[in-house]
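Protein chains in written order, with this note's numbering: chain V, 14 to 419; chain Z, 15 to 306. Glycine included, C-beta positions come from ideal geometry on N, C-alpha and C. Notes to accompany the following structure.
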Amino acid sequence: MIFYEIKKVFSKSMSKIALLVLGAALVIVSILTINNLEYIEYADGQKHVFTGIAAANKLRDAKNQWAGYLTEDVLAKVIEENNKVNSSKESQSDDFNENDKAYAEKQGFSSILDLISRAFSEYGDYDYYRADSITAQEAKGLYRQRISSLEAYLETEEKQFSDAEGDFMKKQYQALDTPFYYEYEDNWKALLQNISTFLLILALAIGFFVSGIFSDEFQLKADSIFFSSRLGRNRAVLAKIAAGFLIATGLYALFTFLYTFIVLLLLGAGGSGCPIQIDMWDSCYNLTYLQAYFLIVAGGYIGTLFSSMLAMIVSAKTHSTVIAIIVPFALLCLFPFLSRIITLPGLCSLFPDQLLELYIHLKHSVTFSIGGTIRTSVPVLLSAYLLLCAALPPALYCIYRRTEIK
Amino acid sequence: MELELQQLTKSFGHFTAVNHMNLTMSNGVYGLLGVNGAGKTTLMRMLCTLLRPTSGSISCNGKDIFKMDGEYRRLLGYLPQDFGFYPEFTVQDYLLYIASIKGIRPAAARKKVQELLPQVGLAKASKKKMKKLSGGMKRRAGIAQAMLNNPKILILDEPTAGLDPNERIRFRNLISELSEDRLVLLSTHIVSDIEYIANQIWLMKDGTLIQEGTAREVIASMPEKVWSCRIEHSQVSDAMRRYKISNMKSEPQGAMLRIIAEKIPYPGAVCTEPSLEDVFLYYFGEKVGEEA
Ligand SMILES: Nc1ncnc2c1ncn2[C@@H]1O[C@H](COP(=O)(O)OP(=O)(O)OP(=O)(O)O)[C@@H](O)[C@H]1O
Ligand SMILES: [Mg+2]
Chain V
14 MIFYEIKKVF SKSMSKIALL VLGAALVIVS ILTINNLEYI EYADGQKHVF
64 TGIAAANKLR DAKNQWAGYL TEDVLAKVIE ENNKVNSSKE SQSDDFNEND
114 KAYAEKQGFS SILDLISRAF SEYGDYDYYR ADSITAQEAK GLYRQRISSL
164 EAYLETEEKQ FSDAEGDFMK KQYQALDTPF YYEYEDNWKA LLQNISTFLL
214 ILALAIGFFV SGIFSDEFQL KADSIFFSSR LGRNRAVLAK IAAGFLIATG
264 LYALFTFLYT FIVLLLLGAG GSGCPIQIDM WDSCYNLTYL QAYFLIVAGG
314 YIGTLFSSML AMIVSAKTHS TVIAIIVPFA LLCLFPFLSR IITLPGLCSL
364 FPDQLLELYI HLKHSVTFSI GGTIRTSVPV LLSAYLLLCA ALPPALYCIY
414 RRTEIK
Chain Z
15 MELELQQLTK SFGHFTAVNH MNLTMSNGVY GLLGVNGAGK TTLMRMLCTL
65 LRPTSGSISC NGKDIFKMDG EYRRLLGYLP QDFGFYPEFT VQDYLLYIAS
115 IKGIRPAAAR KKVQELLPQV GLAKASKKKM KKLSGGMKRR AGIAQAMLNN
165 PKILILDEPT AGLDPNERIR FRNLISELSE DRLVLLSTHI VSDIEYIANQ
215 IWLMKDGTLI QEGTAREVIA SMPEKVWSCR IEHSQVSDAM RRYKISNMKS
265 EPQGAMLRII AEKIPYPGAV CTEPSLEDVF LYYFGEKVGE EA
């Protein structure tokens, strides 16, 4: 039964078009992701800019010379190296191109330099050149500085957190494992920064596949035979729900895997164990890249399931495939669009579209106080929508099985 | 197998499509005859649990069919009047899918499909996509789907509508063949179809049964007589106003009429044997469903 339901979906020409669109999106977003990486090299006085796979290889070679734990000694050494480059004649020159040559020398440790700049800038602020005025001795206090700049921020007037939230943040900052493990991680950075776009396209496309499962019976006038068959008001309905679930899950898993596989195959897979703070300095989530990746993918999955289930409910209720297709768009695109025009209340950070934006939640920690305890938005979003997703299939079942053919 | 309708009523808003019907059916072929809008489809939909009655009940061997739910539908085969298919499915896939939602195991379903395809004359078309079938072939696929679970109750809503005369006769024979040991209810507004296959005829009008019985009983129930006569062309419009005319044929010497009337309508008219068609006209007051 489930087999034929799935076959029905994939035999539709609209599904075939949606598959093609997904394939194209996969290629395009992969290319965009890979081209995020850039490496500059000077050879024979000529500037060469590498992007994509070539940049990945060069960056990996340059950065992995610094691979390992970022201990006090390493941090001090980075500052020394930086000072050495800064005092070179290229760096001192007034010529922009010469400066660029100096920058090229820093590419191996620029990420570590960034960390130092962020740590010694004010909280939430970022002075790109801050590391240039830090001594090797000061740099050793990087991890302490991260906590104290948060503390300093919490003392100020413009702080965005309540006292309880501030305490919570401080605890999270203190709990972060130091020293950081560091290696080439531009691959993961690019992956996490771009995956949300792909997941959103995926969620919308999956809406096209599932939105006809229930309404097509009416549109094709196959409803009388369906509902007058023995299992038409019980197991056959369950089979439809199962088919929708399997299609959403299967397509999501397949395309997420393909995207991840392509990006990591081309850019390399190393760096998964680095803390996300290398990319998201202010994050209060103490996670590695790999863990953050799984959270983002889980968020996208739950978001996809939620919008698909809702689309199927609308499909069962209105008997219209077109209205059902609109549901994922309304859910996942309308709110973000509206929020650009008008300021929506704080509750908006709990709308379903946010499930596909967990990267932003990880980066700019959003916290709530629920029943006296402070919660971060990511687990709240994941668990709340997981529960909602579990509640929707029974509702769908009840709606569809009661259908009358008039 | 016994189906019993008690005070069965279905209203859509203020309009009552089926009005307090009381009926009992057991094995045999029942022909439901009525004009457009008489309520045939509405009645059949209720019998297939697709529509809930506004009031009254339907029971199968004493049990309410809506309470029996799947247990009742297990006995049921239904060919709707106006229905569609999954256009990209082959005939075989379509039948296997319907078999699965009828709860037939895959192995048994494959066997049954192989058995039914030649019976309905679709053996050669089994790999054809549904969207490429002709109207007649679609109806054959429809009857095959209804027969998959070897139903004890077979409900056919206008099974012969839209078929060419050859196809109609073949289809009629197919239905007769399939109707053994079952309760078959079929609706039509084509009188000759019913005459051939139904043991029991029901005339339905405005949601109620107005006459029932075998063809002979129904014919005998007509209180008026059928007269055959020839009149002048100039008299035709007058005759049409005064009498129910079941047939008229224009000839050079005048019009040959078949008139339903209590007393002799014109001098020289001959009293003839009434047919079911005359009865239909008598009860429904107009000529309906003239077909090739
Ligand atoms: N869903 C509905 N809403 C309102 N009225 C309806 C509905 N379905 C049927 N009707 C009305 O009920 C009456 C009976 O319709 P039904 O389809 O049962 O007639 P029928 O005997 O099958 O006619 P036909 O020979 O044309 O198929 C019609 O007047 C129709 O307009
Ligand atoms: Mg009808």
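Legend entry - Chain-ordered neighbours of Z:Y100 on chain V, where CB pairs are closer than 7 Å: The answer, in chain order, is K21, L233, A235.
Legend entry - V:A149 and V:I92 closer than 8 Å at C-beta: In this structure, the beta-carbon distance from V:A149 to V:I92 falls below 8 Å.
Inset, instruction - Report yes if the CB atom of V:R388 is closer than 8 Å to the CB atom of Z:D83, and no otherwise. - result: Z:D83 is positioned such that its CB atom lies no closer than 8 Å to that of V:R388.
Legend entry - Proximity test, Z:N50 beta-carbon vs ligand 1 heavy atom, cut-off 7 Å: True, at least one ligand heavy atom lies under 7 Å from that Cβ.
Inset, instruction - For Z:Q214, name the three-state secondary structure that DSSP assigns. - result: Strand, per DSSP.
Legend entry - Amino acids of chain Z, ordered along the chain, whose beta-carbon sits closer than 7 Å to that of V:S241: Within chain Z, the C-beta atoms nearer than 7 Å to that of V:S241 come from C62, T63, L64, R87, L90, Y92, in chain order.
Legend entry - Same chain only: Cβ atoms within 8 Å of Z:E304, ignoring 5 sequence neighbours per side: Residue placement at Z:E304 is flagged as unreliable, the pLDDT there being 39, under the threshold of 50; the coordinate-derived value follows with that caveat. Correct list: empty, nothing qualifies.
Inset, instruction - Kindly list the residues whose CB is nearer than 6 Å to the CB of V:W201, restricted to its own chain and excluding five residues on each side of it in sequence; keep chain order. - result: So the list reads G284, Y302, once near-sequence residues are dropped.
Legend entry - Segment contact, 8 Å Cβ cut-off, at least three pairs: the stretch 279-298 of chain V with the stretch 231-250 of chain V: In short, these stretches do not touch, since the Cβ pair count stays below three.
Inset, instruction - Rounded to whole angstroms, what's the CA-CA distance from V:A203 to V:K184? Just pull it up for me. - result: Rounded to whole angstroms, the gap between the alpha carbons of V:A203 and V:K184 is 29 Å.
Inset, instruction - Starting from the C-beta of V:V310, find all residues in its chain whose C-beta is less than 7 Å away, skip the five residues before and the five after it, and write them out in chain order. - result: The residues are T269.
Inset, instruction - Could you please go through the chain and list the residues whose beta-carbon is closer than 7 Å to any non-hydrogen atom of ligand 2? - result: So the residues near ligand 2 by this Cβ test are Z:K54, Z:T55, Z:Q95, Z:D171, Z:E172, Z:S201.
Inset, instruction - For the stretch 180-252 of chain Z, list the beta strand (DSSP E) runs that are entirely contained and at least 3 residues long, ordered along the chain. - result: With a minimum length of 3 residues, the continuous beta strand (DSSP E) runs that stay inside the stretch 180-252 of chain Z are 197-202, 214-219, 222-227, 239-245.
Inset, instruction - Using a Cβ-Cβ cut-off of 8 Å, state whether Z:I112 counts as contacting chain V. - result: Yes, Z:I112 counts as interfacial toward chain V.
Legend entry - Sequence-distant residues of the same chain with beta carbon closer than 7 Å to V:L399, five excluded per side: Take V:L399, set aside five residues on each side of it, and the residues of its chain with a beta-carbon closer than 7 Å to its own are I315, in chain order.
Legend entry - For Z:S315, the first and last residue of its enclosing beta strand (DSSP E): Because chain Z here runs from 15 to 306, residue 315 of chain Z falls outside it and cannot be looked at.
Inset, instruction - Using the DSSP secondary-structure output, state which residues sit across from Z:E18 in a beta bridge. - result: According to DSSP, residue pairing for Z:E18 in a beta bridge involves Z:T38, Z:S73.
Inset, instruction - Could you list which residues in chain Z have their beta carbon closer than 8 Å to that of V:K25, in chain order? - result: Near V:K25 (Cβ distances below 8 Å), the residues of chain Z are E102.
Inset, instruction - Give a yes or no on whether 8 Å exceeds the smallest Cβ distance from V:K76 to chain Z. - result: No, because no Cβ of chain Z sits closer than 8 Å to the Cβ of V:K76.
Inset, instruction - Would you give the residue range spanned by the beta strand (DSSP E) that V:T380 belongs to? - result: In the DSSP assignment, V:T380 falls within the unbroken beta strand (DSSP E) covering 380-383.
Inset, instruction - With 8 Å as the threshold, decide whether the Cβ of Z:F312 is near any Cβ in chain V. - result: An answer regarding residue 312 of chain Z cannot be provided, because it is not within the stretch 15 to 306 covered by chain Z.
Inset, instruction - Please work out which residues of its chain come closer than 6 Å, Cβ to Cβ, to Z:A306, disregarding the five sequence neighbours upstream and downstream, and give them in chain order. - result: Note that Z:A306 scores 32 on pLDDT, short of 50, meaning its location in the model is unreliable and no value can be drawn from it.
Inset, instruction - Taking Z:R59 as the query, report the chain V residues whose CB atoms sit under 7 Å from its CB, ordered along the chain. - result: The CB of Z:R59 comes closer than 7 Å to the CB of I418 in chain V, given here in chain order.
Legend entry - Sheet register partners of Z:G48 (DSSP bridge): For Z:G48, which the question treats as bridged, DSSP gives the partners Z:M218.
Inset, instruction - For Z:H203, verify whether its CB is less than 7 Å away from any heavy atom of ligand 1. - result: Because some heavy atom of ligand 1 lies under 7 Å away, the Cβ of Z:H203 counts as near it: yes.
Inset, instruction - Just mark V:N110 as buried or exposed, buried being the case when its beta carbon has 16 or more other beta carbons within 10 Å. - result: By the neighbour-count criterion, in which 16 or more other beta carbons inside 10 Å mark a residue as buried, V:N110 falls on the exposed side.
Inset, instruction - Would you mind sorting Z:L136 into buried or exposed? The rule is 16 or more other CB atoms within 10 Å of its CB. - result: Of the other Cβ atoms in all chains shown, 16 or more fall within 10 Å of the Cβ of Z:L136; this residue is therefore buried.
Legend entry - Three-state secondary structure assigned by DSSP to V:E170: Annotated three-state conformation of V:E170 is coil, per DSSP.
Legend entry - Check whether V:L394 and V:L368 have beta carbons under 8 Å apart: Contact flag set, yes.
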